Amino acid sequence: MNYRHSFHAGNFADVMKHITLVRILEYLKRKDKPFRVIDTHAGTGLYDLSGAQSEKTGEWRAGIARLEATALDAEVMALLAPYLDAVSAARETGATLYPGSPWITRNLLRTIDRLTAIELHPQDYQLLKHLFAGDIQVRVIHLDGWLSLGAHVPPKEKRGLILVDPPFELPNEFDRMVDGAVKAWRRWPGGIQALWYPIKDRDAVAAYRAALSETGITKILDLSLMIRAAGDVPSLDGCGMTIINPPYVLKEEMDKILPCLATAMGSARGASWSADWLAGP
Ligand code: SAM
Numbered sequence: 072m073n074y075r076h077s078f079h080a081g082n083f084a085d086v087m088k089h090i091t092l093v094r095i096l097e098y099l100k101r102k103d104k105p106f107r108v109i110d111t112h113a114g115t116g117l118y119d120l121s122g123a124q125s126e127k128t129g130e131w132r133a134g135i136a137r138l139e140a141t142a143l144d145a146e147v148m149a150l151l152a153p154y155l156d157a158v159s160a161a162r163e164t165g166a167t168l169y170p171g172s173p174w175i176t177r178n179l180l181r182t183i184d185r186l187t188a189i190e191l192h193p194q195d196y197q198l199l200k201h202l203f204a205g206d207i208q209v210r211v212i213h214l215d216g217w218l219s220l221g222a223h224v225p226p227k228e229k230r231g232l233i234l235v236d237p238p239f240e241l242p243n244e245f246d247r248m249v250d251g252a253v254k255a256w257r258r259w260p261g262g263i264q265a266l267w268y269p270i271k272d273r274d275a276v277a278a279y280r281a282a283l284s285e286t287g288i289t290k291i292l293d294l295s296l297m298i299r300a301a302g303d304v305p306s307l308d309g310c311g312m313t314i315i316n317p318p319y320v321l322k323e324e325m326d327k328i329l330p331c332l333a334t335a336m337g338s339a340r341g342a343s344w345s346a347d348w349l350a351g352p
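Per my numbering, residue 72 is the first one in the sequence shown, and the count goes up by one each step.
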């Protein structure tokens, strides 16, 4: 396990992922009933953007820093407000901190809602456990996140979201994503799933989307954000979020948000976005 998220925290991919996460949570909060979020690859929860690892890549400067420096229209600003408020709330605990997915989720939970945060890296798990020590709404588990798609699904609340955000260190990560999504969907057909993936190898992404569309899962929305056109050397040109059972408002919201993210964080030439149904509605 070589991947450390602290090199990448707050980059364009985190921003896109965390905004999508927040829009789903805001939808879940519309009903009085409790929900649970299962974060299968949770990370450490908070990242110091002034730390050596963040400084080394400086990725957050082209991500959250650029978004915060961009003037957004009022409608998009209202949609992004819960995310930007969570980013500000994290900074209140430390001026150079950026929140990860479990911290953002926790920040948005009501007292009736719960978070299960899973992390396999021993050090990252310890940091996450320490972060949420004594918090009865959060359960931090040291486990292979892929196993939790069997062990923790469906949650007893029967409402909620599974966030799957693996490091994509291994060559078979796209296959695991499809298999994991099918496994979780069979166990919990009504649950929302949000699956993050990198857009680096276009053939692998096309094969992943085709495989998902052939699984029999009936509602799949695929979102993408490209910050530049593909070059000769493979690099992280964009990222995607595949949403199984998306809230009915999500596509309309992301149709408004994604072009603003492309403008804010993309290069002048070649930035683009998409929001397409791979299955349904
Ligand atoms: N979701 C986090 C966020 O948005 O703030 C970032 C997660 S980072 C992309 C991926 C994390 O998965 C890393 O912290 C890594 O240690 C962890 N990880 C890697 N393999 C794992 C596995 N099989 N099960 C659970 N966690 C794993």
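We treat Cβ as the ideally placed atom computed from N, Cα and C, and that holds for glycine.
Quick caveat, the model's predicted, so the values are computed rather than measured.
For this session: Examine the ligand SAM and report whether any of its heavy atoms sits within less than 6 Å of the Cβ of GLU190.
Result: Result yes, Cβ under 6 Å from the ligand SAM.
Exercise. Exposed or buried, LYS227, counting other C-beta atoms within 10 Å across all chains shown (16 or more means buried)?
Worked result: Answer is exposed; the Cβ neighbour count stays below 16.
Exercise. CB-CB under 6 Å to PRO105, same chain, minus the five flanking residues each way: which ones, in chain order?
Worked result: Apart from sequence neighbours up to five positions away, the residues of its chain that approach PRO105 with a beta-carbon distance below 6 Å are ILE183, ASP184 and GLU228, ordered along the chain.
Exercise. Roughly how far, in whole angstroms, is the beta-carbon of LEU155 from the beta-carbon of ARG162, given that I think they are within contact range, below 8 Å?
Worked result: Between LEU155 and ARG162 a beta carbon distance of about 11 Å is seen, past the 8 Å cut, so the two are scored as non-contacting.
Problem set entry | PRO225 beta carbon less than 7 Å from that of ARG258 | Yes.
Problem set entry | Alpha-carbon spacing of ILE291 relative to SER284, whole angstroms | Going by C-alpha positions, ILE291 is about 8 Å away from SER284.
Problem set entry | Residue environment, THR289, which counts as buried when at least 16 other CB atoms sit within 10 Å | By the C-beta density criterion, THR289 is exposed, having fewer than 16 other C-beta atoms within 10 angstroms.
Problem set entry | Beta-bridge partners of CYS310, as assigned by DSSP | Bridge partners of CYS310: PRO269 and LEU296.
For this session: Compute the Euclidean distance between the alpha carbons of ALA142 and ALA222, then round it to the nearest angstrom.
Result: If you take the alpha carbons of ALA142 and ALA222, they lie about 44 Å apart.
Exercise. If you measure from the CB of HIS201, is any heavy atom of the ligand SAM nearer than 6 Å?
Worked result: Incorrect: HIS201 has no Cβ contact closer than 6 Å to the ligand SAM.
Exercise. Does the separation of the CB atoms of ILE298 and PHE83 fall below 7 Å?
Worked result: Yes, Cβ-Cβ distance for ILE298 and PHE83 is below 7 Å.
Exercise. Any idea what DSSP makes of TYR279, helix, strand or coil?
Worked result: Per DSSP, reduced to three states, the secondary structure at TYR279 is helical.
Exercise. Any heavy atom of the ligand SAM closer than 6 Å to the Cβ of HIS213?
Worked result: Between the ligand SAM and the CB of HIS213, the shortest heavy atom gap is not smaller than 6 Å.
Exercise. In whole angstroms, what is the alpha-carbon distance linking GLU146 and LYS327?
Worked result: Each residue's Cα considered, the two are about 8 Å apart.
For this session: With DSSP collapsed to three states, give me the class of GLU244.
Result: DSSP, reduced to helix, strand and coil, places GLU244 within a helical segment of the structure shown.
Exercise. Skipping 5 residues on each side, what residues in its chain have a beta carbon closer than 7 Å to that of VAL320?
Worked result: Taken in chain order, the residues that qualify are TYR98.
For this session: Name the residue from ALA342, TRP267, ALA350 and ARG210 whose alpha carbon lies nearest to the alpha carbon of ALA301.
Result: Ranked by Cα distance from ALA301, the first of ALA342, TRP267, ALA350 and ARG210 is ALA342.
Problem set entry | Among ARG101, LEU151, ALA123 and ALA140, nearest to THR91 - alpha-carbon criterion | The candidate whose alpha carbon is nearest that of THR91 is LEU151.
For this session: Please report how far the alpha carbon of GLY134 lies from the alpha carbon of GLY81, in whole angstroms.
Result: Those two C-alpha atoms are separated by around 6 Å.
Problem set entry | Whole runs of the alpha helix (DSSP H) within the stretch 104 to 157, excluding any shorter than 4 residues | Here the runs fully enclosed are 123 to 128 and 135 to 139.
Exercise. At a cut-off of 6 Å, is SER172 close to the ligand SAM when judged by its beta-carbon and the heavy atoms of the ligand?
Worked result: For the ligand SAM, at least one heavy atom lies less than 6 Å from the Cβ of SER172.
Exercise. Quick one: is GLY165 buried, meaning 16 or more other Cβ sit within 10 Å of its Cβ, or exposed?
Worked result: It counts as exposed.
Exercise. Is PRO39 near the ligand SAM, in the sense that its beta carbon is under 6 Å from a heavy atom of that ligand?
Worked result: Nothing in the structure corresponds to residue 39, since the chain is present only between 72 and 352.
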